[in-house]
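To start, the structure under review is shown below, and the notes come after it.
There are 2 protein chains.
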Amino acid sequence: MEEKELNTEERIIQAAEKILLKEGYAGARMQQIADEAQINKAMLHYYYKSKEKLMEKIFSKKFNEFIPKVAEVIQSGATFEVVLRYYIDNYLDLLEKNPYLPLFLIDTMHRNPEFINQIPELPGKVFVAGIEQQIAQHKLPPIKPYHLLLNIIGLCVFPVLARPIFKKVFQLTDEEYQIILKERKEEVYHFILDAVKNRE
Amino acid sequence: MEEKELNTEERIIQAAEKILLKEGYAGARMQQIADEAQINKAMLHYYYKSKEKLMEKIFSKKFNEFIPKVAEVIQSGATFEVVLRYYIDNYLDLLEKNPYLPLFLIDTMHRNPEFINQIPELPGKVFVAGIEQQIAQHKLPPIKPYHLLLNIIGLCVFPVLARPIFKKVFQLTDEEYQIILKERKEEVYHFILDAVKNRE
DNA sequence: TTTTGTACCAACCAAATGGTTAAACCAACT
DNA sequence: AGTTGGTTTAACCATTTGGTTGGTACAAAA
Chain L
10 MEEKELNTEE
20 RIIQAAEKIL
30 LKEGYAGARM
40 QQIADEAQIN
50 KAMLHYYYKS
60 KEKLMEKIFS
70 KKFNEFIPKV
80 AEVIQSGATF
90 EVVLRYYIDN
100 YLDLLEKNPY
110 LPLFLIDTMH
120 RNPEFINQIP
130 ELPGKVFVAG
140 IEQQIAQHKL
150 PPIKPYHLLL
160 NIIGLCVFPV
170 LARPIFKKVF
180 QLTDEEYQII
190 LKERKEEVYH
200 FILDAVKNRE
Chain D
10 MEEKELNTEE
20 RIIQAAEKIL
30 LKEGYAGARM
40 QQIADEAQIN
50 KAMLHYYYKS
60 KEKLMEKIFS
70 KKFNEFIPKV
80 AEVIQSGATF
90 EVVLRYYIDN
100 YLDLLEKNPY
110 LPLFLIDTMH
120 RNPEFINQIP
130 ELPGKVFVAG
140 IEQQIAQHKL
150 PPIKPYHLLL
160 NIIGLCVFPV
170 LARPIFKKVF
180 QLTDEEYQII
190 LKERKEEVYH
200 FILDAVKNRE
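As you go down the protein sequences, you meet chains L and D in turn.
Last residue of the first sequence: 209 in the working numbering, with the numbers rising by one and none dropped.
Last residue of the second sequence: 209 in the working numbering, with the numbers rising by one and none dropped.
Rendered as structure tokens:
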């Protein structure tokens with residue numbers, strides 16, 4: 010409710026997040042970020058030498074918020090059902106709170122790939138190994154790990170990305186679309202489970 | 010192979026498509042488009058009064074290329090399997106030829122929603138009615154049409170959008186990712202069919 | 001032959017934009 | 001009181017950017 014009294018640096022980060030996520034790197038203006046942080050434009054450059062440095066900071070921060078730390082969970086021995094629920098619930102909650110996040114990351118990685126390089130290596134192979142292990146133990150039907158992951162994440166993320174197109178094509182209000190998104194937790198969970206079970 | 014001798018307007022459209030799709034509205038530069046079309050920047054404004062008008066043209070053109078005209082097919086009485094194959098094959102072919110298209114449309118609709126308004130109404134309701142009819146005739150198990158459509162399109166489109174992220178996380182080469190995309194026609198088709206069948 | 005209209009361009013312009021400077025402010029130490 | 005060092009600002013700067021101007025070239029119409 011009440012605006013916390015944040016120090017300048019925190020206000021800059023908050024403002025930069027808001028503006029960069031909404032407008033993208035090319036569309037965001039340093040002045041806009043300064044206004045949002047209620048500081049002078051020169052202050053921005055005092056704390057962050059350049060727009061690029063600021064973007065680096067926000068991008069890596071958001072990237073790390075988005076990439077889930079579930080590699081361990083998949084190896085925890087839990088059933089696929091449990092892991093899937095955990096995944097989907099976490100992702101959809103995150104997406105509900107951060108509707109601009111996927112577009113921001115995807116857009117940045119496509120159009121400003123230079124920002125990817127500062128990201129450290131990620132344990133993708135671990136996830137693949139985890140899935141393959143579950144398949145070997147017959148806890149999962151044979152499916153290529155990449156495809157399974159693309160399916161799970163795509164089914165979660167796409168509705169957030171496609172919101173404007175679907176709203177337009179089906180002439181939905183924001184409230185109606187919100188309901189659809191709420192329904193997704195069950196829909197995606199059962200859809201994936203049904204697809205995977207039927208493969209056995 | 011050989012560069013056709015196109016007239017100026019065609020060259021402008023081609024150039025604008027290339028640059029706008031790749032860079033987005035905010036990132037694209039009129040000079041860049043002029044260079045690509047091998048004309049003077051003033052020529053751009055001779056044919057298209059402003060960047061906005063040019064974007065309007067390209068956006069509506071691309072939007073109409075992307076939104077499929079399958080509403081009739083779904084009502085054609087064909088089985089769900091046939092319609093699904095048709096959908097998926099068409100979409101994935103289109104996406105393979107136009108990898109920048111989904112990001113361009115999604116990005117534009119999120120960040121420049123003013124361009125949506127010039128798009129005429131679309132027969133989304135017809136699709137919904139078609140699906141509901143198939144469900145009533147027990148040709149399809151009960152599933153909310155919006156969800157079915159989100160699932161189908163999401164599973165097709167997301168891998169194209171997520172390419173950079175997946176390449177990074179799993180350290181894939183372009184060739185490796187290309188193979189994954191090729192596999193998708195079968196993967197998506199069976200995944201959806203299995204999920205839907207299991208619902209009955 | 002003259003007029004007219006379309007295609008085209010070099011040079012230009014005003015505004016916007018990322019970034020800098022030099023000085024002021026201010027709390028903490030000496 | 002005076003110095004120091006981080007913080008803040010108004011004013012400024014160089015470049016980029018979308019867009020304009022005034023004019024040329026040229027072919028078709030009159």
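Note that the Cβ used here is the ideal one computed from N, Cα and C, for glycine as well.
Source: prediction; values computed, not measured.
Residue nearest to residue i in terms of C-alpha spacing, selected from the options
i	options	result
D/Met39	D/Leu159, D/Glu19, D/Met64	D/Met64
D/Gly2	L/Gln143, L/Cys165, L/Ala138, L/Ile174	There is simply no residue 2 of chain D to check, as chain D begins at 10 and stops at 209 in what is shown.
L/His199	L/Asp183, L/Lys177, L/Asn160	L/Asn160
D/Asp102	D/Glu74, D/Met52, D/Arg120	D/Glu74
D/Lys62	D/Leu104, D/Ala25, D/Ile162, D/His147	D/Ala25
L/Arg120	D/His147, D/Ala43, D/Leu15, D/Ile28	D/Ile28
D/Leu104	D/Tyr56, D/Arg172, D/Gly139	D/Arg172
D/Glu45	D/Gln23, D/Ile76, D/Tyr55	D/Gln23
L/Ala87	L/Ile162, L/Ile201, L/Ile140	L/Ile140
Separation of residue j from residue i, as counted between CA atoms
i	j	result
D/Lys70	L/Ile67	34 Å
L/Leu131	L/Asn107	22 Å
D/Met118	L/Leu170	10 Å
L/Met10	D/Tyr100	In this prediction, L/Met10 has a pLDDT of 34, which is less than 50 and means its spatial position is unreliable; nothing more can be read from the coordinates.
D/Asp116	L/Ser85	38 Å
D/Ile21	L/Ile48	42 Å
D/Gln143	D/Val135	12 Å
L/Ser59	L/Lys191	39 Å
D/Tyr96	D/Lys50	41 Å
L/Val92	L/Ile125	28 Å
L/Ala1	D/Leu157	The first residue shown for chain L is 10 and the last is 209, placing residue 1 of chain L beyond what the model contains.
L/Glu18	L/His147	51 Å
L/Ile189	D/Met52	47 Å
D/Glu123	L/Ala138	46 Å
L/Gln41	D/Tyr57	29 Å
D/Arg94	L/Leu15	55 Å
D/Lys176	D/Ala145	43 Å
L/Ile195	D/Tyr55	For the record, residue 195 of chain L in the displayed sequence is Glu; it is not Ile. Computed Cα separation, rounded: 54 Å.
L/Ile201	L/Asp98	14 Å
L/Phe72	L/Ile162	15 Å
L/Ile76	D/Ile76	30 Å
L/Gln187	D/Gln187	34 Å
Sub-8 Å separation of residue i and residue j beta-carbons
i	j	result
L/Arg193	D/Asp203	no
D/Leu268	D/Leu164	Here chain D covers residues 10 to 209 and nothing more, so residue 268 of chain D does not appear.
L/Phe113	L/Gly33	yes
L/Leu149	L/Val205	yes
D/Phe89	L/Val166	no
Problem set entry | Every unbroken alpha helix (DSSP H) within the stretch 152–195 of chain D, with a cutoff of 4 residues, ordered by chain | 154–170, 172–179
Exercise. Does the stretch 119–130 of chain D come close enough to the stretch 147–154 of chain L to have 3 or more Cβ pairs within less than 8 Å?
Worked result: no
For this session: Please determine if the stretch 177–191 of chain L and the stretch 181–189 of chain D are in contact, where contact requires at least 3 C-beta pairs separated by less than 8 Å.
Result: no
Exercise. What are the complete alpha helix (DSSP H) segments, minimum 4 residues, inside the stretch 37–74 of chain L?
Worked result: 39–45, 50–56
Exercise. Mind pulling the alpha helix (DSSP H) runs of 4 or more residues that sit fully within the stretch 91–160 of chain L?
Worked result: 110–120, 133–145
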